[in-house]
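Below you'll find the structure, written out as structure tokens, and then a few comments.
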Amino acid sequence: MSNFDDAPRYDAATEAEFREQGYWTDDTLETVLAKWSSSEPGRVAIIHGPARITFGELHAASRRVANGLLDLGLRKGNVVAIQMPNLPEFLIAYLGVALMGGVLCPLHMPYRASEMTPLLAHAGARAIICGEPTGSYDCRAEMRRVKDMVPGLEFIIGLGRSDDPDIVSFDTLAAAADAPIADPPTAADWVIINFTSGTSSAPKAILRHYEPYMANTRISPATVDLTSDDVMMSAPPFSHGFGLYTSTMALYVGAANLMLPQYSPEAFARTIAEGGATLVWGAPAHLVAALKAGHFEKHDFSSVRDIELGGSVCPPDVARAAEQLLPNGRIGQIFGLTEGMLTMQTRLDAPAAIRHSSTGIANQGVELRITGGDGRVLEAGAEGELEMRGYSVTPGYLRNESANATSFGPDGWYRTGDLAIIDDGGNVYITGRDRDIINRGSIKINPTDVESILARHPAIVLAAIVPMPDEALGERGCLFATLLPGETLDLAAVTAFLADNDVAKLQWPEHLVVVEDMPMTPTKKIIKSELQKMVGEVRFSARA
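Each number in the numbering used here corresponds to the 1-based position in the sequence shown with 654 added.
Take a look at the structure:
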């Protein structure tokens, strides 16, 4: 059994306050499933191609997996990791782990042994569930490598059947008894452990118990009018907080989860159209790729009422162009993060100018503020660092005191590292990341606005500007870009485009690197730290 006695928790007075204010309740994933499976067992919970799984079937399948895990020897409080695409089996495994009182530890699909090993060791995982081997990835072989390197990791559970004595068949678990769990979790028990970006020897892990986790999934649906009549699709993977939180929101309200196992622009658009999605969650990169490839025109999006974007700043022109192609829909934006879950949202009745350029206002129970470099709280309209606190904001990272010291201030305020402005109406406008600022001869340049303008360039799919070392000025801007098939681009064309769009020359990138693939997080956020590694020690060699 994993020992989380040293895990950060809110103090007793704060927890009592969250309870008194009605944010925290006794909800667990079992109570949610039981509600729908008893009241409307025939309601569709999962759509995967032509297949339909009802809430009654989902509850029964999850309970069988829960009992299968207990029969295997796992116990309440044990950590069970999972690496699997957005498949029905992911949600069944997630709920099965939760129903038996386990703690789910999602791992991103691109991770291999070197990335997974420190995370699983940090979490103290006893078991890991993986998908079936594919032509490019033998996940079972990779899990054997991981098991040899992680003390305490006892079980590898593979999707489908297995004749390998080292692999427990998921089908075997799913054939266990559909019986009530003798010692189910309570709202005070741990339910999930998520890791932020990075897999160093000191990972940043957020451990959550049911009270804040379920509160966020109960409060957030109202901000997008999510109801049991909806068909909801998450483009982000369930292995990331974004995808898992939104899928749990659908379960909470009795909506159907539409599966998108692997993102591609064509699959994104086709799944929305064929599945009749009414609410779609995604990142700007999901939208940009589908939009520029012409899939909005090729497919019927008449079912869509809202596409909600998060993970990174969406260029307003992209949001506007996509909304014009939605017969009955709108584009909105959210702000969520592993440390706080879903914390702000553009309101559905907000003008397009706000929905397309801001991340909206704070959700119920979340406080936001902007601070200056000296820690002083700034007035509306001033740019500074975005900080937040509230019922869903974690009190700290698991076993990482150095990160806790720099990320969390007095009275529960979390320092996001995002630069932002809050207007008089409470709308938040993310203006960049403090670590992304380019220091060119002591002049600070924020690349975010330039990247948004470059997103309009007809040849560019994705654009990111990072600092490039320069002996004379310290840093200059280096543009990385991915292009549409058949397109070419040079620096002169980039600067001419920026000049035509009235961008001051000081802000122009001074070097261009065209790449076939942009390094992305699982939620399609560009990993600028990887781009900076690609720049490396190369010195400035091209002038605008």
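Glycine included, each C-beta is placed from N, C-alpha and C at the ideal position.
With 16 as the cutoff for other CB atoms within 10 Å, does residue i come out buried or exposed?
| i | result |
| --- | --- |
| methionine 886 | buried |
| valine 751 | buried |
| asparagine 1201 | There is simply no residue 1201 to check, as the chain begins at 655 and stops at 1198 in what is shown. |
| serine 692 | exposed |
| glutamine 995 | Reading off the sequence shown, one finds methionine at residue 995, where the question assumed glutamine. Buried, because 16 or more other Cβ atoms sit within 10 Å of the Cβ of methionine 995. |
| glycine 986 | buried |
| isoleucine 746 | buried |
| methionine 1188 | exposed |
| threonine 1013 | buried |
| arginine 766 | exposed |
| glutamine 675 | exposed |
| arginine 1130 | buried |
| aspartate 1077 | exposed |
| glycine 852 | For glycine 852, the predicted structure reports a pLDDT of 48, less than 50, and the residue's modelled location is therefore unreliable. The matter cannot be settled from this model. |
| lysine 1178 | buried |
| proline 805 | exposed |
| valine 1031 | exposed |
| asparagine 870 | buried |
| threonine 1175 | buried |
| alanine 876 | exposed |
| leucine 758 | buried |
| glutamine 999 | buried |
| arginine 1197 | Model confidence at arginine 1197 stands at a pLDDT of 37, short of 50, so the residue's coordinates are unreliable; what they give is reported in the following sentence. Flag for arginine 1197 reads exposed. |
Quick check on DSSP: helix, strand or coil for residue i?
| i | result |
| --- | --- |
| arginine 597 | As shown, the chain starts at 655 and ends at 1198. That puts residue 597 outside it, with no answer to give. |
| isoleucine 926 | helix |
| glutamate 962 | strand |
| leucine 723 | helix |
| phenylalanine 955 | coil |
| leucine 880 | coil |
| threonine 682 | coil |
| aspartate 971 | helix |
| isoleucine 1084 | strand |
| methionine 1174 | strand |
| arginine 1110 | coil |
| isoleucine 873 | helix |
| glycine 852 | Bear in mind that the predicted position of glycine 852 carries a pLDDT of just 48, short of 50, making it unreliable; the figure below should be weighed with that in mind. Coil, per DSSP. |
| valine 1148 | helix |
| valine 1115 | strand |
| isoleucine 1181 | coil |
| leucine 745 | helix |
| alanine 947 | coil |
| tryptophan 1162 | coil |
| arginine 717 | helix |
| serine 901 | helix |
| glutamine 1186 | helix |
| lysine 858 | coil |
| valine 907 | helix |
| lysine 689 | helix |
| valine 751 | helix |
| aspartate 1154 | helix |
Name, in chain order, the residues that DSSP records as bridge partners for residue i.
| i | result |
| --- | --- |
| tryptophan 844 | His863 |
| methionine 887 | Leu912, Val934 |
| methionine 638 | A query on residue 638 cannot be resolved here, the shown segment of the chain reaching from 655 to 1198 and no further. |
| proline 760 | Ile736 |
| valine 1168 | Ala1135 |
| isoleucine 701 | Arg706, Leu912 |
| proline 1072 | One point to set straight first is that residue 1072 is aspartate, not proline, in the sequence displayed. In the DSSP output, where bridge partners are listed per residue, aspartate 1072 has Arg1087. |
| isoleucine 1099 | Ile1092 |
Sort the options by Cα distance to residue i and report the nearest one.
| i | options | result |
| --- | --- | --- |
| isoleucine 1180 | Glu1021, Arg959, Asp1090, Asn982 | Asp1090 |
| alanine 714 | Ser816, Trp690, Gly778 | Trp690 |
| proline 981 | Val1148, Ala943, Ala904, Ala927 | Ala927 |
| glycine 1038 | Ala1074, Ala1007, Met998, Asn1054 | Ala1074 |
| proline 760 | Ala775, Leu745, Gln737 | Gln737 |
| alanine 973 | Ala876, Leu1166, Lys946, Arg799 | Lys946 |
| leucine 979 | Ala1004, Ala944, Val967, Arg1009 | Ala944 |
| methionine 797 | Pro805, Ser790, Ile810, Thr788 | Ile810 |
| threonine 902 | Glu1021, Glu684, Val1031, Asp960 | Glu684 |
| threonine 788 | His776, Gly814, Gly936, Gly722 | Gly814 |
| phenylalanine 709 | His702, Val698, Ser716, Arg717 | Val698 |
| alanine 1004 | Gly696, Val878, Val686 | Val878 |
| threonine 682 | Asp1088, Tyr1051, Met754 | Met754 |
| leucine 1166 | Phe1151, Leu1138, Cys1132 | Cys1132 |
| valine 1104 | Glu993, Pro969, Ala1034, Glu808 | Pro969 |
| histidine 953 | Ala1147, Ala931, Gly1026 | Ala931 |
| glycine 895 | Val845, Gly756, Leu1040, Gly812 | Val845 |
At a cut-off of 7 Å, would you count residue i as near the ligand ZN, judging by its Cβ distance to the nearest heavy atom?
| i | result |
| --- | --- |
| phenylalanine 892 | In terms of ligand content, the structure shown is empty, and the ligand ZN therefore cannot be addressed. |
In chain order, what are the residue ranges of uninterrupted beta strand (DSSP E) at least 3 long that sit wholly in the segment 769-838? Restricting attention to beta strand (DSSP E) runs no shorter than 3 residues, the segment 769-838 encloses them at 779-784, 809-812, 821-823, ordered along the chain.
List in chain order: all unbroken alpha helix (DSSP H) runs of 4+ residues lying wholly within the segment 979-1066. Correct list: 1006-1009, 1055-1061.
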